[in-house]
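Step one of this worksheet: look at the structure below.
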Amino acid sequence: MVITCEFLFEELAKRLETYLIEANASWLRLHFSEVFQKSFQNNKFQELQNWCNNIIVKHPEKFFESEDFTSIQENTIISVIKRDDLQMEEVKILKHIIEWGIAQNPGMPPDPRNWSNDNFLTMKTTLLNCLPHIRYFQISSDDVIDYLQPYQQMLDKNLWDDIIKRLLSPNRPISSVILPPRVVLTQKLPPRTTEPFSTIINEAHAAEIISWIDKKADAYSATNYPYEFKLLLRGTRDGFTPASFWNLCDKQINIVVVAKIKGTDEILGGYNPIGWVKPITVSSIHMNCDESFIFSLKNGTIQNSILSRVKKSENAIWCRSECGPAFGGGSSACDLIFFSSDQQYWNCLASYEKRIRNASTYNSDGRSYFSVDEYEIFKISKKT
Numbered sequence: 036m037v038i039t040c041e042f043l044f045e046e047l048a049k050r051l052e053t054y055l056i057e058a059n060a061s062w063l064r065l066h067f068s069e070v071f072q073k074s075f076q077n078n079k080f081q082e083l084q085n086w087c088n089n090i091i092v093k094h095p096e097k098f099f100e101s102e103d104f105t106s107i108q109e110n111t112i113i114s115v116i117k118r119d120d121l122q123m124e125e126v127k128i129l130k131h132i133i134e135w136g137i138a139q140n141p142g143m144p145p146d147p148r149n150w151s152n153d154n155f156l157t158m159k160t161t162l163l164n165c166l167p168h169i170r171y172f173q174i175s176s177d178d179v180i181d182y183l184q185p186y187q188q189m190l191d192k193n194l195w196d197d198i199i200k201r202l203l204s205p206n207r208p209i210s211s212v213i214l215p216p217r218v219v220l221t222q223k224l225p226p227r228t229t230e231p232f233s234t235i236i237n238e239a240h241a242a243e244i245i246s247w248i249d250k251k252a253d254a255y256s257a258t259n260y261p262y263e264f265k266l267l268l269r270g271t272r273d274g275f276t277p278a279s280f281w282n283l284c285d286k287q288i289n290i291v292v293v294a295k296i297k298g299t300d301e302i303l304g305g306y307n308p309i310g311w312v313k314p315i316t317v318s319s320i321h322m323n324c325d326e327s328f329i330f331s332l333k334n335g336t337i338q339n340s341i342l343s344r345v346k347k348s349e350n351a352i353w354c355r356s357e358c359g360p361a362f363g364g365g366s367s368a369c370d371l372i373f374f375s376s377d378q379q380y381w382n383c384l385a386s387y388e389k390r391i392r393n394a395s396t397y398n399s400d401g402r403s404y405f406s407v408d409e410y411e412i413f414k415i416s417k418k419t
């Protein structure tokens, strides 16, 4: 699509842009960061830019807190912060913008108390096109005093005077432009009876998993457990590959993995509170964790759930770029592994307390191999 624009095939580029959005949204989400930045390298990709921004305004943390945020180009940032429906507190937006500005000026002290007059002038120039999109008059009085005041030299004097004037006397007229408050989205979620949160587990399964996490002797009820499940990845939607796993789940914490095993009623899975981190400079890494566990859930002909807690915490979690989620000590000793380099998934007994499959399924090598119809990865958090 980028090449077609370079050769002035604008109509073809538009068709490709529309096709990607309408028919390949899952692929776009999988490669979101790259697609987002590429779309802003050519201002002709307006539809793709809007598609990306419509996602970011609803989930701004993924944008502002991404590892490459400080290297994002200015016009990309402006396209986000000018949106009325950006779902983030104004002072947090300002903090991220200043963080970006500091990164554009190597050697700039991070603390404004250590800035010289030249430092303030440099930052004012760097953020010249960003600062007008901050809704200063929607920042609370406490945040104005605690956070905005140290940066007042970066603002026009008339604007700062009007901010203080508005705090002291809200009804007094001012000359500065007052941008409207951000629009808080109140999208009503569909009831779970029509759209279940999972295609693999039900509310009773979720309650049992949460009970294991909280180490409750008596399980939570299916209608009253204190966590919510946020879907990060679904195999049939996002792909059954290590790439999809790392793109969507890298460095996420409090993770629950569940999988429907092909040809049986089994549901296997695991809980990882510290998450997986994709190795960069080495081929694989072990992560120490004493709260992780793997499990098999009661389902169909499976009469009882099996919980297997970690017993060798130093080998609890294994991270390898060629694999998906893996629990245990490494490629030959993983207690539960999905999507290894040779596309084999298995359970064995190494770093966790017990096996989670029927004894008859284990081979002479101590592994029980399986395939999956579906697998899902959730991030869990306390209900508010």
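For the sequence shown, position 91 (counting from the first letter as 1) is numbered 126 according to the numbering used here, and the numbering increases by one without interruption. Where a beta carbon is used, it is the ideal one built from N, C-alpha and C, also for glycine.
Which whole-angstrom value is the C-beta distance of residue i and residue j, which I expect to be below 8 Å?
i	j	result
ILE352	TRP381	Contact flag wrong, Cβ pair sits at about 17 Å.
ALA385	ALA361	11 Å between Cβ atoms; not a contact.
VAL407	LYS251	Wrong, their Cβ atoms sit about 29 Å apart, outside the cutoff.
ILE329	LEU371	5 Å
LYS418	TYR262	6 Å
PHE373	TYR410	6 Å
ILE133	TYR186	7 Å
PRO216	GLN173	5 Å
Looking at chain C, is there any beta carbon in it that lies within less than 8 Å of the beta carbon of residue i?
i	result
GLN187	Protein chains in the displayed structure number just one, and chain C is not present.
Please say whether residue j and residue i have beta carbons closer to each other than 8 Å?
i	j	result
THR336	ASP285	no
THR111	GLY136	no
VAL212	ASP119	no
LYS313	SER356	yes
ILE235	LYS295	yes
ILE288	ILE320	no
VAL115	ASP178	no
LEU214	ARG272	no
LYS346	SER340	no
LYS93	HIS168	no
SER32	TYR387	With the chain covering only 36 through 419, there is no way to say anything about residue 32.
ASN152	MET143	no
LEU183	LYS414	no
ASN164	GLU109	yes
Taking the beta carbon of residue i as the centre, do at least 16 other beta carbons fall within 10 Å, making it buried, or is it exposed?
i	result
GLU96	exposed
GLN84	buried
ILE315	exposed
GLY359	buried
GLU349	exposed
VAL317	exposed
GLU102	exposed
ARG402	buried
PHE405	buried
ARG201	buried
LEU156	exposed
ALA148	The sequence shown places Arg at residue 148, rather than the Ala named in the question. By the neighbour-count rule (16 or more Cβ atoms within 10 Å), ARG148 is not buried but exposed.
LEU190	buried
LEU129	buried
ILE391	buried
SER399	exposed
LEU121	buried
LEU166	buried
ILE180	exposed
THR89	At residue 89 the sequence reads Asn, which differs from the Thr that was named. Under this definition ASN89 is an exposed residue.
ALA241	buried
For residue i, which residues in the same chain have their Cβ closer than 6 Å to its Cβ, ignoring the five residues on either side in sequence?
i	result
PHE99	HIS131
VAL292	GLY304, GLY305, PRO360 and ILE412
ARG269	GLU411
MET123	PRO95
GLU326	PRO308
TRP281	LYS313
ASN59	At ASN59 the pLDDT is 48, less than 50, meaning the model places this residue with poor confidence and gives no usable figure here.
ILE91	PHE98 and VAL115
Among the residues of its own chain, which have a CB less than 7 Å from the CB of residue i, if the five just before and after it don't count?
i	result
ALA239	ALA257
ILE248	TYR306
PRO277	SER356, GLU357, CYS358, GLY359 and PHE374
ALA138	THR105
LYS159	MET189
LYS323	The amino acid at residue 323 is misidentified as Lys; the sequence shows Asn. Here the set comprises SER348, GLU349 and ALA351.
So, at 8 Å on beta carbons, what are the nonlocal neighbours of residue i in its own chain, with the 5 sequence-adjacent residues on each side left out?
i	result
SER416	TYR262, GLU263, LYS265 and ASN289
PHE44	In this prediction, PHE44 has a pLDDT of 43, which is less than 50 and means its spatial position is unreliable; what the coordinates show is noted afterwards. So the list is empty, once near-sequence residues are dropped.
With a threshold of 8 Å, are at least 3 pairs of Cβ atoms found where one atom belongs to the region 211-222 and the other to the region 247-257? no
Item checked: Sufficient close CB pairs (3 or more, under 8 Å) joining the region 189-208 to the region 229-244 -> no
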